[in-house]
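Read the structure below first, then the notes.
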Amino acid sequence: IPRNNQVKLLQYIPAFLEEKKNILIEAPSGTGKTAAILFPVLKFALTRGLKVFYFTAKNTQQAEVLKFMKEFDKEEKIVTVQIQGKEKLCETNQQNCEDCIYAHTPSPELDLHEGHFSIDKLVDLAHRYKTCPYLLQFKYLTNAFFAVGDYNYILKDSIVFVESPKKSIIVFDEVHNLPDRVRELYSVEFSEEEFYQLEKFISFYPYVFLSQTENLIETFKEGIYSGEEIKLKNITKKLLYKFFRAYEIAISKQMGFLAAKLQEFMGKLNTLKHIIKYGPYGMVEKKGGMKYFILDTEKFFKDFNKRFYSVIGFSSTLRPPYYYLEMLGFSSKDEFVILQDEFPRENRKVVIIPKVSTLLRDREKTVDKISSIIKQLISIKKGNYIVFIPSLDYLDLFKKRLKIFGYTLLVQNAIMSHSERKKFIHKLKNSTGNLVLALSGGIFSEGVDYPGEILDGVIIISPSLPQVTEEREVLRRFYEEKYGDGFKYAYIVPGMIRVLQAAGRVIRSSDDRGIVVLIGKRFAYKEYIDLIPQHFYTESPYELISGDYLTEIKKFWSLF
Ligand code: SF4
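Each residue of the sequence shown is one higher than the one before, starting from 1 at the first, in full-length UniProt numbering.
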């Protein structure tokens, strides 16, 4: 990260933390952002006896953070733990740890007071000492100063992983992902089939219990379909209580299968309880049932943020700022820091080519025209380029119609293993003349660095708007009421986030050079272009619209 920004972060972060403020940071893409933010946070926490928890969406980023910790604490004197949930670490798939043999194996004679523990290391140790890796991580967590893991563990299970919230600083990487992640985590579906199964299961119970519970299930069903808040709230509470009793009986009678089913259903009821608590909630009809989900993440995060010493979130794209401040539950007492790009502006050429439509209905018609623009762009300077495309169908269309010579075409598949992805990056690192077709918002557009000569440019086809689904439409109506512009917040903002994340792949250090080309009519529309952060232009984003992109890009490359 450029020096000036580093200095700012070294000043701001401890000062704000001293006042226990939450901090949101927009910092342009580039190598070293994580380190520049973590360094002052860790220093502050060490002097105040606080713990630091770092959460991110990507495994690759967790590995980067652990690498940084190795630098920060070379001798591994402070306990650092990579955390994972039971679903990933459990070796026996048993519902209850108390019934599991691994929970009762004696604790290994380990030094719990120092060391860095990645998941691999924890699993390795657990195997060596014939104990459970999931439980072992908690032993280390008690003494840990630093922990890193996926968002889910803090958003859904903060009580499990964070022992002393008021003495913990929470750091979120790529924080723009959080509103959608919370909506995903706090969503639940109930189906007719499930109710039928439940009624069958509880027929094992004595008559009195059975008749009362059947009635409750019927009322719950009515509540689920009507969506009436008060009714739903009361009945969920009652049903939870009933099922907890049923669960205890199942456990005492060693009816494991029944207990597991009841536990699963109680988990769903608990999620619903939270969804209602953070209402207004969204509900949509699904085949044979109903789906509920959180709409307004502001309430959720307001509640979440106040539990910890401080919450720090950062991202390269937080536009519009007021939207993220609200959706992430920040208040006027908290801080929003915007850092400017300090990489030489002349090292990057950003152009918008708005002469072609990329609307769904026009794609078949315009794919050849866009293909010829791509060919022109990559022929100016031979190098490595990534074309980001918003959907798999659209990507397939380019795969069939884009004929290129003198370049190797690499195409992202719907599912790619870690090693396949590594092969792609390896190819880019070790050769030139590669054109990658990749998905916007996919594994090649976020959380991957392409330093130095690896990448000469990205070409982004179309704003990457989310698909129109019933859930999105409910969200659109919610934003319409909240901000008076539903389409913007439900579709354009997330669509442009993907675009800007992809654009950020090109310049990762002060020596990098490259082009960023946005193709599509809509990029020139006010609602879209206004979301482009200032570090992409000098005075106005409209200066990026190009009538003669070939001359401009030729001129740009001729400077090097
Ligand atoms: S003790 Fe470990 S292995 Fe056993 S059920 Fe619990 S998580 Fe699974």
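All residues carry an ideal CB built from backbone N, CA and C; glycine is no exception. No experiment lies behind these values; they were computed from the predicted model shown.
- Counting C-beta pairs with one atom in each stretch, the stretch 515-535 and the stretch 461-481 have three or more that are closer than 8 angstroms, which means they touch.
- DSSP places Val-351 in the uninterrupted beta strand (DSSP E) bounded by 348-353.
- Relative to the ligand SF4, the nearest heavy atom lies less than 7 angstroms away from the CB of Lys-86.
- As the crow flies, the alpha-carbon of Pro-541 is around 7 angstroms from that of Ile-532.
- The beta carbon of Glu-91 is closer than 7 angstroms to those of Tyr-102, Cys-132 in its chain, skipping five residues each way along the sequence.
- With a cutoff of 8 angstroms on beta-carbon distance, Ala-147 and Leu-136 are scored as not near each other.
- Every residue whose Cβ sits closer than 6 angstroms to any heavy atom of the ligand SF4 is listed here in chain order: Lys-86, Cys-90, Glu-91, Thr-92, Gln-94, Cys-97, Cys-100, Tyr-102, Ala-103, Cys-132, Tyr-134, Leu-135.
- Using a C-beta cut-off of 8 angstroms, the stretch 166-174 makes no contact with the stretch 113-124, since fewer than three inter-stretch Cβ pairs fall below that distance.
- Here Lys-33 is buried, its C-beta having at least 16 other C-beta atoms within 10 Å.
- By DSSP's assignment, Tyr-281 forms a beta bridge with Ile-294.
- Taking Tyr-153 as the centre and dropping the five residues before and after it, the same chain places the C-beta of Phe-55, Ile-83, Gln-84, Gly-85, Val-160, Phe-161 closer than 8 angstroms to its C-beta, in chain order.
- The stretch 413-433 and the stretch 375-391 touch, with no fewer than 3 CB-CB distances between them shorter than 8 angstroms.
- Residue environment: Arg-498 is assigned as buried (16 or more neighbouring CB atoms within 10 Å of its CB, all protein chains considered).
- Closest option to Tyr-407, judged by alpha-carbon separation, among Leu-377, Arg-245, Met-283, Tyr-324: Leu-377.
- Runs of the beta strand (DSSP E) lying entirely within the stretch 168-211 and spanning at least 3 residues, in chain order: 168-172, 187-191.
- In terms of Cα proximity to Gln-197, the closest of Met-69, Ile-553, His-104, Phe-265 is Phe-265.
- Close CB contacts of Glu-473 within its chain, under the 6 angstroms cut and outside five residues either way in sequence, are absent.
- According to the DSSP assignment, Gly-495 belongs to the alpha helix (DSSP H) that extends over 493-503.
- In the DSSP assignment, Tyr-54 forms a beta bridge with Val-148, Val-171.
- Following the DSSP letters along the chain, one finds Ile-519 inside the beta strand (DSSP E) bounded by residues 514-519.
- Put simply, of Asp-362, Leu-24, Leu-295 the residue whose alpha carbon is nearest the alpha carbon of Glu-480 is Leu-295.
- For Thr-60, no beta strand (DSSP E) encloses it; the enclosing alpha helix (DSSP H) starts and ends at 59-72.
- When the Cα atoms are used, Asn-5 and Pro-28 turn out to be separated by approximately 10 angstroms.
- Boundaries of the beta strand (DSSP E) harbouring Leu-439: 434-439, taken from the DSSP string.
- For the 8 angstroms CB-CB criterion, Glu-228 and Ile-276 do not form a contact.
- Annotation: the continuous alpha helix (DSSP H) that includes Thr-551 extends over 549-558.
- In this structure, Glu-199 is the residue among Glu-199, Pro-206, Leu-258 with its C-alpha nearest to the C-alpha of Lys-221.
- Comparing alpha carbon positions, the residue from Gln-212, Lys-253, Met-283, Phe-172 closest to Glu-189 is Met-283.
- Inter-segment contact for the stretch 319-336 and the stretch 17-24 is present: three or more beta-carbon pairs are separated by less than 8 angstroms.
- Taking the Cα of Phe-405 as reference, the smallest distance to any Cα among Pro-354, Ile-374, Pro-321, Ile-119 is reached at Ile-374.
- When the beta-carbon positions are compared, Leu-339 and Lys-8 come within less than 8 angstroms of each other.
- In the three-state scheme derived from DSSP, where H, G and I count as helix and E and B as strand, Leu-325 is classed as helix.
- Under DSSP, Gly-457 forms a beta bridge with Tyr-385, Ile-515.
- Distance between Ser-419 and Thr-60, taken at the CA atoms: about 12 angstroms.
- As the crow flies, the alpha-carbon of Ser-417 is around 12 angstroms from that of Phe-444.
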